[in-house]
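**Student:** Chains as they are written, first to last, in full-length UniProt numbering: chain A, 1 to 256; chain B, 1 to 256; chain C, 1 to 256; chain D, 1 to 256.
Note that the Cβ used here is the ideal one computed from N, Cα and C, for glycine as well.
Just passing along the structure, written as structure tokens.
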């Protein structure tokens, strides 16, 4: 099936965006990235500047995986904009995953700072992927300010709790005119499939793969799960019924 | 990954078993079966005896899909045993999906009749796939009586409600020494992935594909979903945490 | 509101049945029983024969709380019938809570033994309160065999997991012509309210009170919860809507 | 139990706050308010200025129910502040339920406008009850700006969907130094009990009562439910266990 995710005119054939955080080794990360089939991967700016990061950069280039720098660890719009500019210069891309979190305990997005940062970054020509909570109002505002992709969380970062409020995710996806990518909270394959079935256009995850016991296998699981969820979301599922319905007609069965 | 499901010494590389009930046309059914990648498919005995069924039989033979006759529509052990014998003769297989339901309203299995039928059919040399409710005690009893495969329901047949009691399914799978296949209730891809993550060895579904708006696409979705869930169940998922955890360390970020 | 639960011609004004298992002291138990407002309480037969049980018996008599002997710890119909006869003689009641469990790990009811025991005990003139799993078919069969009360579990005994399959409980309650009492699995007040809202006629619990940190307070919580759930189930709740609806009309608000 | 909710130095013995929206008649509303036991009730300002509202005002005065004017129907901080000033003059109270919603479709709070309005109203001496979404970061910010009560939603207004994200509500309650009152989304009694068990200090609802088939009975249900949930939240519930635990010891049962 040819069903690409198009962002900023770029066509991605995989709807799984993988983060690199939490990986214990570069070799393992590389293998997992390849198994995931991802064509876009987030890299924290603070990570990029060490020697290890040069190798990561090379690995991504070798496999034609596009880099999406993120502003992980920023607590204010000002910090985020500063980090974004460093990223643009270092990575030579105006794509940016914008994270502005309120505190280290929850790592939850801070709505006002996030809005301010989005407005400023769009003004400066960035293609903003805005990491957001699951508030449908905030999601719409981010879109109105020019975010290219809205990325509501399923659950707080690193919890693996899945999608705590499917109702909100479905509402966000149904009202958005830009791509919606579920970001954060994913723990296992069925969570990712569900995200797609709720109408998301993609899924972003990191530690669900990098911290799994067998990261490469889990990356492969997610590759299939995102494909499964996307296909199912387009295939027109059967309605939920309160009462049973035979798949075969009850009459005409073998008598004796 | 070479990870077959082995039943009665037969190795199945697909863990998705597809039913044929509910399909509006044979052509559409054939396409969906192929897209699903299934190697085993249930056929209601009453269906098998018409001309249309000869064509179905041919289609399955052409694609090397093994037939699993079922006793859909039987309400007593006696009826089920009788239907099983007809099936063995007609289809030339001793594999049998045993359904003994209590009534047409719920289509739920009737525990005592199911136990009686299992005992008798095992005595007669059948390889019994026992369609069961999600009671862990009943599942264990069926295994003790010699069922080759235990098949608990996720939800009543045709409801598409998914897995109503994941706790029970997980308990059944963790205690079983025979393969456990989730049967009935599946509505969409994430349900199938979840079944596998809970420890099931396979998934059986029919109307979720045959009654979807686009059956072939949905069949493909389930093919990926079952693979995804199986991989995830073996990959060692991250634990669920109540509180956030950064995927990248919080120190060392770009300062200014 | 005068809305008694009537069983075997006896009118109970409280719909909360309290078990005595798990109580660390008789004094504490007595206080909790009174706070719960219960008029019927289960006592395990093995417990009844010690000195401590004489005091418990006295306490129940003093507060006009009817005794419902149970067959906790029985694994076969034969054991259960034997224990029931001892109970009838010792407690001078033909009311009996019938428990026949499959094993000590799950403490789940064993359907075939439960059915056999029910049939035999009804024949012997007992008023059977049948502790069951949440299978709607089994519940109906127990009723058909003459059980006076059907008592499906919310979750396995002592787990405090609440109601794992509300769909089944609702189905059981909607099809029953005898009182349905939710038994086992209750952890906190909202679980009990939910049971009533699903259509149950009463709730039975023990360790949720006796093992709480403050049993008397928790007993009082459940008293209110059962009343709340019963009232709500009769009051005709608002429908669930997918979209918001203003409680006040949107027009005519203060302008400026 | 003497366990009042204290707001702005005022002690409320009922933790149920009832709204008046959606009531078909004043007589019915009065009866329901009394049955609910509430000591504080919200009144939309636009409603207050008609003749009918004079009667409502009288009814509340007669029953010593304090009025909490709200800014329902306001879409901006400016509108809300204006409405608040009108309310203060008309009702002679500086207590205010602040609602600033983003649109009529979702009626969801608009975070930035809500923050601005809170800041301004606190500056003007209002005791602000801030109706919020369930974002823990926004809840904390509202508290930091001086909100006297934070009121996260369970689900969008009027949906009756209950508490869509219990995890967030629990997080909000555990981090708050001011009272947290669950507002919006409540459909039935168990929802209200759950809100209290998650750590909320109170529950606010309107249409769940006023639009129920029997409002007075439903009001009574909620009165019990809030009491039940509060008691349970203080009583130290049993832990959730994955496996069964007998309430009575398994040894020493009657043998034969």
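Against residue 15 of chain D, what residues of chain C qualify as contacts under a CB-to-CB distance less than 9 Å, listed in chain order?
**Tutor:** Near residue 15 of chain D there are no residues of chain C at all, since even the closest Cβ is about 12 Å away, more than 9 Å.
**Student:** Residue 86 of chain C and residue 122 of chain C - do their beta-carbons sit closer together than 8 Å?
**Tutor:** No. Outside cutoff.
**Student:** State the DSSP-derived secondary structure class of residue 109 of chain B, mapped to helix, strand or coil.
**Tutor:** Residue state, collapsed to three classes: strand.
**Student:** For chain A, check one thing: does any of its Cβ atoms lie closer than 8 Å to the Cβ of residue 82 of chain D?
**Tutor:** False, the Cβ-Cβ gap to chain A never drops below 8 Å.
**Student:** Going by DSSP, which residues form a beta bridge with residue 18 of chain A?
**Tutor:** Beta-bridge pairing links residue 18 of chain A to A:41, A:205.
**Student:** Compare the C-beta of residue 188 of chain A against all C-beta atoms of chain D and say whether one is closer than 8 Å.
**Tutor:** It does not: the Cβ of residue 188 of chain A has no partner Cβ on chain D nearer than 8 Å.
**Student:** Strictly by DSSP, which residues pair up with residue 140 of chain B?
**Tutor:** DSSP output for residue 140 of chain B lists no bridge partner at all.
**Student:** Could you have a look at residue 153 of chain A and say whether DSSP puts it in helix, strand or coil?
**Tutor:** If DSSP states are grouped into helix, strand and coil, residue 153 of chain A belongs with coil.
**Student:** So, is the C-beta of residue 151 of chain A closer than 8 Å to a C-beta in chain B?
**Tutor:** It does not: the Cβ of residue 151 of chain A has no partner Cβ on chain B nearer than 8 Å.
**Student:** So what does residue 66 of chain B bridge to, in DSSP terms?
**Tutor:** According to DSSP, which records beta bridges pairwise, residue 66 of chain B is partnered with B:40.
**Student:** CB residue 152 of chain C to CB residue 178 of chain C, shorter than 8 Å?
**Tutor:** No, they are not a contact pair.
**Student:** Considering only the alpha carbon of each residue, which of D:243, D:101, D:3 lies closest to residue 170 of chain B?
**Tutor:** Answer by Cα proximity: D:243.
**Student:** Per DSSP, what kind of secondary structure is residue 256 of chain D in: helix, strand or coil?
**Tutor:** Note that residue 256 of chain D has pLDDT 30, beneath the 50 cutoff, so the model's placement of it is unreliable and the number below is only indicative. Of the three classes helix, strand and coil, the one that applies to residue 256 of chain D here is coil, per DSSP.
**Student:** Residue 240 of chain A: beta carbon under 7 Å from a heavy atom of the ligand MN?
**Tutor:** This structure lacks the ligand MN; in fact it carries no ligand of any kind.
**Student:** Quick check: the Cα distance between residue 182 of chain D and residue 136 of chain B, rounded to an integer number of angstroms?
**Tutor:** Distance between the alpha carbons of residue 182 of chain D and residue 136 of chain B is about 38 Å.
**Student:** Quick check on residue 251 of chain D: does DSSP put it in helix, strand or coil?
**Tutor:** Note that residue 251 of chain D has pLDDT 41, beneath the 50 cutoff, so the model's placement of it is unreliable and the number below is only indicative. Reduced to three states, the DSSP call for residue 251 of chain D is coil.
**Student:** Quick test of the definition: if touching needs 3 or more C-beta pairs under 8 Å, does the region 211-220 of chain B touch the region 18-36 of chain B?
**Tutor:** The region 211-220 of chain B vs the region 18-36 of chain B: in contact.
**Student:** Since I believe residue 13 of chain D is in contact with residue 4 of chain D (beta carbons under 8 Å), could you give me their beta-carbon distance rounded to a whole number of angstroms?
**Tutor:** 5 Å between Cβ atoms; contact.
**Student:** Going by alpha carbons, who is nearest to residue 103 of chain C out of C:157, C:68, C:127?
**Tutor:** Out of C:157, C:68, C:127, C:157 has the C-alpha closest to the C-alpha of residue 103 of chain C.
**Student:** Determine the chain B residues that contact residue 145 of chain C at a beta-carbon separation under 8 Å, and present them in chain order.
**Tutor:** Going along chain B, no residue has its Cβ under 8 Å from residue 145 of chain C, so there is no contact; the nearest lies around 11 Å.
**Student:** Check residue 122 of chain A in the structure and name its three-state DSSP category.
**Tutor:** Residue 122 of chain A falls in the helix class under three-state DSSP.
**Student:** Would you please state the rounded distance, in angstroms, between the beta carbons of residue 91 of chain D and residue 69 of chain D? I believe it to be under 8 Å.
**Tutor:** Residue 91 of chain D to residue 69 of chain D, Cβ: 5 Å. Contact.
**Student:** Report the rounded CA-to-CA distance for residue 227 of chain A versus residue 188 of chain B, giving the unit in angstroms.
**Tutor:** Approximately 13 Å between the Cα atoms of the pair.
**Student:** Taking Cβ positions only, does residue 111 of chain C come closer than 8 Å to chain B?
**Tutor:** So yes, residue 111 of chain C belongs to the interface.
**Student:** Give a yes or no on whether 8 Å exceeds the smallest Cβ distance from residue 183 of chain A to chain D.
**Tutor:** Cβ-Cβ to chain D under 8 Å: no for residue 183 of chain A.
**Student:** So residue 162 of chain A and residue 184 of chain A are supposed to be a Cβ contact under 8 Å. How far apart are they, rounded?
**Tutor:** The pair is not a contact, with the Cβ atoms about 11 Å apart (cut-off 8 Å).
**Student:** Buried or exposed, going by whether 16 or more other CB atoms sit within 10 Å of the CB of residue 48 of chain B?
**Tutor:** Any reading at residue 48 of chain B is ruled out, since the residue's pLDDT is 49, under 50, leaving its predicted position unreliable.
**Student:** Less than 8 Å between the C-beta atoms of residue 160 of chain A and residue 238 of chain B, yes or no?
**Tutor:** The answer is yes: Cβ separation under 8 Å.
**Student:** What does the alpha-carbon distance come out to for the pair residue 80 of chain D and residue 72 of chain D?
**Tutor:** Those two C-alpha atoms are separated by around 8 Å.
**Student:** If contact means a Cβ-Cβ distance below 9 Å, which residues of the region 90-108 of chain D contact chain A?
**Tutor:** Result list: 101, 102, 103, 105, 106, 108.
**Student:** Just confirm the distance between the C-beta atoms of residue 225 of chain C and residue 174 of chain C, as a whole number of angstroms; I'd bet it's less than 8 Å.
**Tutor:** Not really, about 21 Å apart at Cβ, beyond 8 Å.
**Student:** Can you tell me which of D:39, D:44, D:7, D:2 puts its alpha carbon nearest to the alpha carbon of residue 20 of chain D?
**Tutor:** Among D:39, D:44, D:7, D:2, the Cα nearest to that of residue 20 of chain D belongs to D:44.
**Student:** Assuming residue 133 of chain A and residue 164 of chain A are in contact, meaning their beta carbons sit under 8 Å apart, how far apart are those beta carbons, in whole angstroms?
**Tutor:** With 8 Å as the limit, residue 133 of chain A and residue 164 of chain A do not qualify as a contact, their Cβ atoms being about 11 Å apart.
**Student:** Just list the residues that DSSP pairs residue 181 of chain A with in beta bridges.
**Tutor:** Per DSSP, A:202.
**Student:** State the DSSP-derived secondary structure class of residue 130 of chain B, mapped to helix, strand or coil.
**Tutor:** Looking at residue 130 of chain B - three-state DSSP - the assignment turns out to be strand.
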